[in-house]
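Counting in numbering that gives the first Met the number 0, the sequence shown runs without a single skipped number right up to 354 at its last residue.
First the structure, in the form of structure tokens, and then the observations on it.
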Amino acid sequence: MKESTLFDEMRFLNYKFPVPQYLGAKFIHRGWIAQFIPDDVHVVLDAFSGSQSIAYMFKQLGKQVLTNDFLTFNYLIGKSLVENPGFTLNPQDVEVLFSENANPGYFNLMESLFGGLFFMPEEAAFVDSFRSNVARLDNPYKQALALSIMCRSMTRKVTMGHFAHTQALVYASNADRVKRNRSLVRSLRDLFLDLLPEYNAAIFDNGKTNVSYNENILTLLPRLEKVDLVYFDPPYCNSHADYQSFYHLLETYVEYWKDKCFVNGTKRYEPKRYSGFDKNSEVLSNFRLMFERAAHIPMWLISYNDRSYPNIDVLIGMIELYRKVKVERKMYGMGRGGKGSVAGSCEVLLVCTEK
Ligand SMILES: C[S@@+](CC[C@H](N)C(=O)[O-])C[C@H]1O[C@@H](n2cnc3c(N)ncnc32)[C@H](O)[C@@H]1O
């Protein structure tokens, strides 16, 4: 390889993706996955992008990246860290975001739903007032960045980093837990200010027109032409597939739902968005449909594990109608891995190429 080409390929690798805390994130596997991407791949789609850790890795490799997740808070991370060519938040922006509630009569949703449940009422009121000021930033990338950092601040403040339990404030008053994780008692304002430099420093322009989408992948796929490679990391049926139960609070915050019901102890919104990949009864027919609709994309990489429904052999049978499949496996180290993985199980990547 010529030295200049090597330099071109390496120049974005010094940027650092802010470490995510997201069920099923492939952040720790990104280097392993990267080795299966051929050099002649230029346009890449991350179909189920979640925390955006793999879409960001594609951006660092200099690819044109199309990234998609059906949840809006994930789409906003994609907008701020993948699509964004260079807009960051400066001290004036932060002053705007931290100023008084621009419309307290409207921006009170978090306090009314989650005050006393996930956050103390004054912290919930703070995120409402922050939310009211986001529209005052003069640029959609800055707005997306502000919301993404606040969402991350909220997951840092809550034990286990998700909202499918009702123990947040109980844990936040438990001295042992606080000793292990100081974030539980820090203010959202401070957590935001801590994270801000990391997020600002992660923003760069790779010279490509990258796009973040917010759609169900089944409807998006047929519209995307000229994609060289698609990466599929679907929810794994049988283990934590219902992302809306875990992260409903973040979706409620960014959407600022006023027309939903909020149900059960966690106040999850209802009705939920339709995934098609989170119920055993639907997932087989939707995988079939998805592969049919991806037929025009030459190469597919698919993350999977050996504890999901359908099992890997069934999934491979579906893919082989369209592509040759090679199964790559990476063993987890002790106790590491996503989605409740156990030591000794492994992460699977299906490398699917044209027949
Ligand atoms: C396993 S996670 C992806 C994790 C991601 N690779 C990462 O590193 O963070 C699966 C993602 O699929 C999204 N999702 C579920 N159903 C979807 C659908 N029908 N269309 C698009 N995204 C969907 C979920 O919101 C979730 O973020």
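Each residue gets a CB set at the ideal place from its N, CA and C atoms; glycine is no exception.
The alpha helix (DSSP H) that contains residue i, what's its start and end?
i, result
"C150", "P139 to K156"
"N285", "N279 to R292"
"I315", "I311 to I318"
"R188", "L187 to A200"
"I433", "Past the edges of the chain, shown from 0 to 354, lies residue 433, and the structure says nothing about it."
"Y170", "A167 to A171"
"V95", "P90 to L96"
"L108", "L108 to F113"
"V133", "P120 to V133"
"Y74", "T71 to G77"
Quick one: is the Cβ of residue i within less than 6 Å of any heavy atom of ligand 1?
i, result
"A167", "no"
"A24", "yes"
"G49", "yes"
"L70", "yes"
"F276", "yes"
"I315", "no"
"Y21", "yes"
"I76", "no"
"Y242", "yes"
"D305", "no"
"I301", "no"
"I36", "no"
"S52", "yes"
"P234", "yes"
"I216", "yes"
"K73", "Rather than Lys, the amino acid found at residue 73 in this sequence is Asn. True, at least one ligand heavy atom lies under 6 Å from that Cβ."
What three-state label does DSSP hand residue i in the structure shown?
i, result
"M330", "strand"
"I53", "helix"
"T66", "strand"
"Y242", "helix"
"N209", "coil"
"S340", "Interpretation of S340 is limited by its pLDDT of 48, a score under 50 that renders its predicted location unreliable; the figure taken from the coordinates is listed afterwards. Coil at S340, not helix or strand."
"L223", "coil"
"L217", "helix"
"K178", "helix"
"F276", "coil"
"L228", "strand"
"R335", "Unreliable positioning characterises R335 in this predicted model, as indicated by a pLDDT of 47, which lies under 50. A coordinate reading is not provided."
"K15", "coil"
"Y255", "coil"
"E250", "helix"
Taking the beta strand (DSSP E) that residue i falls in, what are its first and last residues?
i, result
"E346", "C345 to T352"
"N304", "M298 to N304"
"D45", "V42 to D45"
"F203", "Segment: none, F203 is in no beta strand (DSSP E) and carries neither H nor E."
"R267", "R267 to E269"
"L136", "Taken as a continuous stretch (DSSP letters only), L136 belongs to no beta strand (DSSP E), as it is neither H nor E."
"C236", "Looking at the DSSP string, C236 is not in any beta strand (DSSP E), and its letter there is neither H nor E."
"F26", "Taken as a continuous stretch (DSSP letters only), F26 belongs to no beta strand (DSSP E), as it is neither H nor E."
"V262", "C260 to V262"
Looking at chain B, is there any beta carbon in it that lies within less than 7 Å of the beta carbon of residue i?
i, result
"N209", "No chain B appears in the structure shown, which is made up of a single protein chain."
If residue i sits next to residue j, beta carbons under 8 Å apart, how far is it from one beta carbon to the other, in whole angstroms?
i, j, result
"F72", "E250", "6 Å"
"A167", "V184", "Rounded, the Cβ-Cβ distance is 12 Å, inconsistent with contact."
"H239", "L22", "5 Å"
"F191", "F117", "Incorrect: roughly 16 Å between the Cβ atoms, too far for contact."
"S211", "G77", "3 Å"
"A46", "F231", "5 Å"
"R155", "S131", "Incorrect: roughly 22 Å between the Cβ atoms, too far for contact."
"S48", "F26", "Actually they do not touch by this definition, with Cβ atoms about 12 Å apart."
"Y252", "K259", "Not really, about 13 Å apart at Cβ, beyond 8 Å."
"S79", "S147", "5 Å"
Could you tell me if the beta carbon of residue i falls within a distance shorter than 6 Å of some heavy atom in ligand 3?
i, result
"E254", "Among the ligands in the structure shown, ligand 3 does not appear; only ligand 1 can be found there."
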